[in-house]
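Visitor: This note's numbering applies: residue 1 is where the sequence shown begins, and numbers increase by one. Even for Gly, the Cβ is constructed at its ideal location relative to N, Cα and C. If you scroll down you'll find the structure; I have some questions about it.
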Amino acid sequence: MQGFIDKRDRAPLFRERLAQAMTLRATSQAALARATGVDRSTVSALLSPGTRLPNAQLAADCATALGVSCDWLLGLAERPEPVAELLAASVTLIEAPRALFDQQLIGWHHAAAGYKIRHVPASLPDMLKTPEVVAWEYADYLGRSSDQAISAFQDQLDWMKTTQSDYEIAMPLHEISNFASGLGYWSGLTLSARQDQMDHMITVCDTLYPSLRLYLFDAHQVYSSPVTVFGPHLAAVYLGQQYIVFRDPARVQAILQHFDGLVRAAPFGARGVRDHLARLQRAMV
Numbered sequence: 001m002q003g004f005i006d007k008r009d010r011a012p013l014f015r016e017r018l019a020q021a022m023t024l025r026a027t028s029q030a031a032l033a034r035a036t037g038v039d040r041s042t043v044s045a046l047l048s049p050g051t052r053l054p055n056a057q058l059a060a061d062c063a064t065a066l067g068v069s070c071d072w073l074l075g076l077a078e079r080p081e082p083v084a085e086l087l088a089a090s091v092t093l094i095e096a097p098r099a100l101f102d103q104q105l106i107g108w109h110h111a112a113a114g115y116k117i118r119h120v121p122a123s124l125p126d127m128l129k130t131p132e133v134v135a136w137e138y139a140d141y142l143g144r145s146s147d148q149a150i151s152a153f154q155d156q157l158d159w160m161k162t163t164q165s166d167y168e169i170a171m172p173l174h175e176i177s178n179f180a181s182g183l184g185y186w187s188g189l190t191l192s193a194r195q196d197q198m199d200h201m202i203t204v205c206d207t208l209y210p211s212l213r214l215y216l217f218d219a220h221q222v223y224s225s226p227v228t229v230f231g232p233h234l235a236a237v238y239l240g241q242q243y244i245v246f247r248d249p250a251r252v253q254a255i256l257q258h259f260d261g262l263v264r265a266a267p268f269g270a271r272g273v274r275d276h277l278a279r280l281q282r283a284m285v
């Protein structure tokens with residue numbers, strides 16, 4: 001937040017920023033005068049040395065005419081973009097495919113390489129699924145190109161496993177229990193496919209720990225929508241057909257704190273998940 005600025009300091013800053021905005025917009029004094037409905041001499045006075053500041057109406061009119069924020073002109077903000085533009089850039093809706101990784105999602109993973117990535121999946125984490133589970137889950141969307149799609153999917157997972165990023169995954173206990181029992185969403189997936197999937201998850205958790213850490217939280221105590229935090233710069237909430245994408249640091253940090261809360265509340269942390277998965281697997285019949 002900006003501290004108090006003396007009028008004697010604010011006036012030169014206003015002149016500097018007004019001149020800068022006019023230069024960037026290729027706007028003359030006469031053009032700015034016409035756009036704001038004042039005499040050219042008034043604009044000239046604003047650009048001349050002294051302690052004169054415009055009234056609120058004129059400052060707002062200048063900002064609107066030049067496409068910058070009034071707060072920036074007056075030295076109250078560090079960014080020149082109007083608030084609406086800043087919000088539009090920091091929060092966006094992006095189409096999300098139903099099946100597997102799309103190029104946008106792959107790009108986010110690549111851009112976050114080297115950072116920690118936190119993930120709450122919609123079902124099982126894609127990066128932990130077997131090809132058989134992928135084929136069953138997305139059969140209606142992969143069509144005749146399923147083998148090619150799964151091969152590309154596997155290539156992307158292999159890249160994710162070799163990158164320098166750490167992955168933390170938090171998912172609700174009931175999701176993995178329903179999978180093991182073949183209930184709800186997983187009804188119809190064969191027992192052998194589910195057993196192979198549990199074997200695979202246990203193996204991956206063993207092999208990739210500590211760069212991959214899985215947490216199981218109790219949805220009776222805490223809840224989360226599907227979301228991924230790609231390092232400190234981007235967070236994407238999954239709606240099903242769209243992602244809500246946040247890029248401003250404050251919102252990304254807030255979602256990161258939400259994820260950390262899931263981890264703290266998880267009855268099964270990264271070290272205990274493997275044994276819990278093994279218990280579930282032994283009970284699968």
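Excluding the 5 residues preceding and the 5 following Q130 in the sequence, name in chain order all residues of the same chain whose CB lies nearer than 8 Å to its CB.
Guide: Within the sequence shown, residue 130 is the residue found at index 130, counting from 1. Inspection of the sequence shows that residue 130 is occupied by Thr rather than by Gln. Taken in chain order, the residues that qualify are A193, D196, Q197 and H200.
Visitor: Does the Cβ-Cβ distance between Y215 and L262 come in under 8 Å?
Guide: To locate residue 215, count along the sequence shown from 1; it is residue 215. To locate residue 262, count along the sequence shown from 1; it is residue 262. The answer is yes: Cβ separation under 8 Å.
Visitor: Between the segment 177-191 and the segment 96-116, do three or more beta carbon pairs fall short of 8 Å?
Guide: They do not touch, by the three-pair rule.
Visitor: Is DSSP giving P172 helix, strand or coil here?
Guide: Within the sequence shown, numbered from 1, the residue matching residue 172 stands at position 172. In this structure, P172 counts as strand in the three-state DSSP scheme.
Visitor: Straight-line CA distance for L105 to V245?
Guide: For the purposes of this step, residue 105 is taken as residue 105 along the sequence shown, with counting starting at 1. For the purposes of this step, residue 245 is taken as residue 245 along the sequence shown, with counting starting at 1. Their backbone Cα atoms lie some 11 Å apart in a straight line.
Visitor: Is the beta carbon of A254 closer than 8 Å to that of F217?
Guide: The residue labelled residue 217 in the question sits at position 217 within the sequence shown. The residue labelled residue 254 in the question sits at position 254 within the sequence shown. No. Outside cutoff.
Visitor: Could you tell me the distance, in whole angstroms, from the CA atom of Q241 to the CA atom of Q103?
Guide: Along the sequence shown, one-based indexing puts residue 241 at 241. Along the sequence shown, one-based indexing puts residue 103 at 103. Their backbone Cα atoms lie some 15 Å apart in a straight line.
Visitor: Just to confirm my understanding: we take S177, look at its own chain, exclude 5 residues before and 5 after, and list those with CB closer than 7 Å. What are they?
Guide: By one-based count along the sequence shown, residue 177 stands at place 177. Taken in chain order, the residues that qualify are L280.
Visitor: Within its chain, find whatever has a CB closer than 7 Å to the CB of T92; leave out the 5 residues flanking it on each side and keep chain order.
Guide: Position 92 of the sequence shown, counting from 1, holds the residue named residue 92. If we look at T92 and ignore the five residues flanking it on each side, its Cβ neighbours are V245.
Visitor: Out of R98, D61 and L18, point me to the one whose CA is closest to L73's CA.
Guide: Numbered from 1 along the sequence shown, position 73 holds the residue referred to as residue 73. Considering only alpha carbons, the answer is L18.
Visitor: To the nearest angstrom, report how far apart E16 and D126 are at their CA atoms.
Guide: Residue numbering aside, residue 16 sits at position 16 when the sequence shown is read from its first letter. Residue numbering aside, residue 126 sits at position 126 when the sequence shown is read from its first letter. Cα-Cα distance, rounded: 52 Å.
Visitor: Among residues of its own chain, excluding the 5 on either side of G37, which ones have a beta-carbon nearer than 8 Å to its beta-carbon?
Guide: Residue numbering aside, residue 37 sits at position 37 when the sequence shown is read from its first letter. Closer than 8 Å at Cβ, skipping near neighbours: D61.
Visitor: For T27, does the count of other Cβ atoms within 10 angstroms reach 16, so buried, or fall short, so exposed?
Guide: Counted from its first residue, the sequence shown places residue 27 at position 27. By the neighbour-count rule (16 or more Cβ atoms within 10 Å), T27 is buried.
Visitor: Taking all protein chains shown into account, do 16 or more other C-beta atoms lie within 10 angstroms of the C-beta of V285, making it buried, or fewer, making it exposed?
Guide: Taking the sequence shown and counting its residues from 1, one reaches residue 285 at position 285. Its Cβ having fewer than 16 others within 10 Å, V285 is exposed.
Visitor: Could you have a look at L86 and say whether DSSP puts it in helix, strand or coil?
Guide: For the purposes of this step, residue 86 is taken as the residue at position 86 of the sequence shown. Confidence is the limiting factor: at L86 the pLDDT is only 49, short of 50, which leaves the residue's position unreliable, though a coordinate-based value still follows. Helix at L86.
Visitor: Using the C-alpha atoms, what's the distance from P54 back to L234?
Guide: Locating residue 234 in the sequence shown gives position 234, where the first residue counts as 1. Locating residue 54 in the sequence shown gives position 54, where the first residue counts as 1. Each residue's alpha carbon lies about 38 Å from the other.
Visitor: For R40 and E95, what's the separation of their Cα atoms in angstroms?
Guide: In the sequence shown, the residue the question calls residue 40 occupies position 40. In the sequence shown, the residue the question calls residue 95 occupies position 95. Answer to the nearest angstrom: the Cα atoms are 48 Å apart.
Visitor: Does DSSP put V227 in a helix, in a strand, or in coil?
Guide: If you number the sequence shown from 1, residue 227 lands on position 227. The answer is strand: DSSP assigns V227 an E or B state.
Visitor: Grab me the residues of V252's own chain with a C-beta within less than 8 Å of its C-beta, minus the 5 sequence neighbours each way, in chain order.
Guide: Position 252 of the sequence shown, counted from the first residue, corresponds to residue 252. If we look at V252 and ignore the five residues flanking it on each side, its Cβ neighbours are V229, P232, H233, L234, A235 and F246.
Visitor: Could you check what DSSP says for Y243 in three-state terms: helix, strand or coil?
Guide: Position 243 of the sequence shown holds residue 243. Of the three classes helix, strand and coil, the one that applies to Y243 here is strand, per DSSP.
Visitor: What's the C-alpha gap between S48 and Y223?
Guide: Start at 1 with the first residue of the sequence shown, and residue 48 comes out as number 48. Start at 1 with the first residue of the sequence shown, and residue 223 comes out as number 223. Taking the straight line from one Cα to the other gives about 58 Å.
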